[in-house]
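Protein chains in written order, with my numbering: chain A, 185 to 549; chain B, 185 to 549. To keep things clear, I will list the structure first and then write my remarks on it.
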């Protein structure tokens, strides 16, 4: 179903161009502008998104002809992948194009990941689809375990994956969690996103997700596309999302990227943001709350302070007095706390900490 | 069982020191020297390992007292983890030590990962155990799918993980694949290690591991400790191991680190090397073999050439004429080939390539 819809959109784009040529006009292609000037934080919806400005790419324009041709080639090739029902990475797409178009296609076209990304982003925003819908895979990074069962229709097979039966490890979050993937039995009451893999492993050993009936996810740092989509889908079926990171600007920014997106990812919009997400820690306030943490803080480096200052300037963050307070404490006290520090007195304290924060609704917006 | 053995070793270390003190002597601690001068390639066994030189650390020695104390503290704390039957990361261990020993323990002691690693490495080589045996978790990175069933005893539960029922993704390879983990039903006939996650996903979509009856692993670049142990254990039960990487010095070095270890990892010895491993590609020879690859090569950068030159100097590599030939081709032709390029003509060619290489025994030692 998803595929048929995507194929139609790609065909529509081609048909429009053919008509333009038949009418004696230069083929054009309209795409929302992704530059800073067209990115806005929409307070009503709670995420960063593109504004109304669009850009028209013309084939008969010396500066645009090359990119135009590349975009059409990408659209044509991904349509082939959809019809073949096969997937590949952006790098695999590059080699397919290089092979078809011959050596005249400058290698550097796709050599820079940023440049190739730009072409895909053009198609995503212009057609209102995700690159995963174009059968392009992305790198996997996060892991999941917890009280849910997934029905996975993939490569002509139907597989049932019980995320509560993953033992000492977890199911690696796939590149595409949408097409052909269903949640058939979600017993969990909430989603817990834990920045670091080490803490995920600690909580998994405590069987925290079982005792507390949740879905335990680690993005392993900044969340991959697949991980963000998984969290979004779980939020869509009504599960609250709690995020737990280091107490420093970098950890907090992992939270904000999950919640509102970021400038670079604004083109993704609502599909990849979770404005409902809540932050349960670690906070600067925890230093006063938990006596043992006092001697486990780390001195913030100048770059940590600089990043905290930058975050204070983001209009999607500084509208929350709680966050302004936290960031100002960083600037004043010049300290940070790793989530690992919660194990300092007792390894199993991490779970107690999370229970207290969620139970008492001690979260930040 | 593993735990009881490790606890005995830690107790033995402590008992020796207590006896030394009672006898009026300075406590000492003997550990194999891990410096370059004591690392050798043992051709008979096929991996890099430490030689016979040892080093005695003395408590009553100004230069060593601090490290000595730290090592004893680590041994003491990890014994506690073993008795509690709980695991944590090196970072979790650091915070436990910092909490117990108070603020006098200089934070910078464990601030540098290299310094904390050195203490753990001391204990590993001195006691002949792995850090995983000390209940220390490491970061997870690789993924596995294929024809095998794992019985996992963990956190008081027994779980059965069928690696052939992972759908579009895979089971994340855990930190510790030894203690409490058994392979109960390995139908696979060999292990295929694929450098890049993108290629793993491609082969997983083709159900290559099912059609060809193998275990498909991606280390996602250099292999983690858990991934290397998993490959080692599968080789121990008689499965041939084939490695498939990019055709450049970096990809090839991923193979060599799996096969023989590396200078930095020589202290790990036989537990983390797979001398039986074979290399199936991509090779410089493939450029002549496969016509379509000719236009899909990439120009090697000066750093690629430099790295290839260095590899030619490694005595564990330059004993193989096949590898000398490959490395010299890189120096002469100044080209490289990504494994992704095999998809250039046809996405599903990757599987055909692997079948041809293994079927015709076209591998490098």
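Even for Gly, the Cβ is constructed at its ideal location relative to N, Cα and C. All of these numbers come straight from a predicted model, not from anything done at the bench.
Legend entry - Through-space distance from residue 521 of chain B to residue 412 of chain B, alpha-carbon basis: 25 Å
Inset, instruction - With 8 Å as the limit, tell me which residues of the region 314-330 of chain A have their beta carbon closer than that to any beta carbon of chain B; keep them in chain order. - result: Under the 8 Å Cβ criterion, the region 314-330 of chain A contributes 321, 323, 324, 327.
Inset, instruction - Spell out whether any CB of chain A is found under 8 Å from the CB atom of residue 450 of chain B. - result: no
Inset, instruction - Pull up the CB-CB distance for residue 215 of chain B and residue 238 of chain B, whole angstroms please, since I reckon it's below 8 Å. - result: 7 Å
Inset, instruction - Could you tell me whether the Cβ atoms of residue 347 of chain B and residue 365 of chain B are closer together than 8 Å? - result: no
Inset, instruction - Rank A:515, A:500, A:478, A:505 by C-alpha distance to the C-alpha of residue 486 of chain A and give the top, closest one. - result: A:515
Legend entry - Bridge-paired residues (DSSP) for residue 329 of chain A: Looking at the DSSP output, residue 329 of chain A bridges to A:400.
Legend entry - Contacting positions in the region 260-278 of chain B - beta carbon closer than 8 Å to chain A: 265, 268, 270, 271, 272, 273, 275, 276, 278
Inset, instruction - Specify the secondary structure class of residue 480 of chain B as computed by DSSP and reduced to three states. - result: Residue 480 of chain B: helix per DSSP, three-state reduction.
Legend entry - Closer than 7 Å at the beta carbon, the chain B residues around residue 359 of chain A: 385
Inset, instruction - Report back the beta-carbon spacing between residue 548 of chain A and residue 517 of chain A to the nearest angstrom; my notes put them in contact at under 8 Å. - result: The pair is not a contact, with the Cβ atoms about 17 Å apart (cut-off 8 Å).
Inset, instruction - Less than 8 Å between the CB atoms is what I'm expecting for residue 480 of chain A and residue 264 of chain B, so what's the real figure, rounded? - result: Not quite, the Cβ-Cβ distance comes to about 18 Å (not below 8 Å), so this is no contact.
Legend entry - Beta carbon proximity, residue 224 of chain A to chain B, threshold 8 Å: Not an interface residue.
Legend entry - CB of residue 421 of chain A within 8 Å of CB of residue 370 of chain A, strictly: yes
Inset, instruction - Over the uninterrupted alpha helix (DSSP H) stretch that includes residue 226 of chain B, give me the two end residues. - result: Here residue 226 of chain B belongs to no alpha helix (DSSP H); instead the beta strand (DSSP E) covers 223-226.
Legend entry - Sub-8 Å separation of residue 508 of chain B and residue 464 of chain B beta-carbons: no
Inset, instruction - Decide if residue 197 of chain A is buried, meaning its Cβ has at least 16 other Cβ atoms within 10 Å, or exposed. - result: Counting every other CB atom within 10 Å of its CB across the protein chains shown gives residue 197 of chain A a total of 16 or more, marking it as buried.
Inset, instruction - Output the residue ranges of the alpha helix (DSSP H) runs that lie fully inside the region 496-538 of chain B and measure 4 residues or longer, sorted by chain position. - result: Runs of the alpha helix (DSSP H) inside the region 496-538 of chain B: 505-517.
Legend entry - Beta-carbon proximity check, residue 408 of chain B vs residue 317 of chain B, cutoff 8 Å: Going by C-beta atoms, residue 408 of chain B is not nearer than 8 Å to residue 317 of chain B.
Legend entry - Nonlocal neighbours in the same chain, by C-beta distance under 7 Å from residue 406 of chain A, ignoring five residues either side: 438, 441
Inset, instruction - Count the other C-beta atoms from every protein chain shown that fall within 10 angstroms of the C-beta of residue 352 of chain B, then say buried if there are 16 or more, exposed otherwise. - result: Buried, by the Cβ-count rule.
Legend entry - Neighbour flag for residue 485 of chain A against chain B, beta carbons, 8 Å: no
Inset, instruction - Just the C-alpha distance for residue 460 of chain A and residue 341 of chain A, rounded to the nearest angstrom, thanks. - result: 34 Å
Inset, instruction - Just grab the DSSP bridge partners of residue 265 of chain B for me. - result: Paired residue(s): none; residue 265 of chain B is not in a bridge.
Legend entry - Collapsed DSSP secondary structure at residue 243 of chain A in the structure displayed: coil
Inset, instruction - Please confirm if residue 376 of chain B has its CB atom under 8 Å from at least one CB of chain A. - result: no
Inset, instruction - Going by CA-CA distance only, name the one from A:462, A:538, A:453 that's closest to residue 424 of chain A. - result: A:462
Inset, instruction - Just mark residue 359 of chain B as buried or exposed, buried being the case when its beta carbon has 16 or more other beta carbons within 10 Å. - result: Result: buried.
Inset, instruction - Assign residue 234 of chain A to one of two classes, buried (16 or more other C-beta atoms within 10 Å of its C-beta) or exposed (fewer than that). - result: buried
Legend entry - Contacting residues, own chain, Cβ-Cβ under 8 Å from residue 393 of chain A (five flanking each side not counted): 329, 330, 331, 348, 372, 376, 387, 399, 400
Legend entry - residue 435 of chain B in three-state terms, based on DSSP: helix
Inset, instruction - Assign residue 305 of chain B to buried or exposed, taking buried as 16 or more other Cβ atoms, counted over all protein chains shown, within 10 Å of its Cβ. - result: buried
Inset, instruction - Check each residue of the region 459-473 of chain B: if its Cβ is closer than 9 Å to any Cβ of chain A, include it; give the result in chain order. - result: Residues of the region 459-473 of chain B with a C-beta less than 9 Å from any C-beta of chain A: none at all.
Inset, instruction - List the endpoints of the continuous beta strand (DSSP E) containing residue 344 of chain A. - result: From DSSP, the beta strand (DSSP E) with residue 344 of chain A extends over 341-346.
Inset, instruction - Return the residue from the list A:435, A:456, A:433 that minimises the CA-CA distance to residue 444 of chain A. - result: A:456
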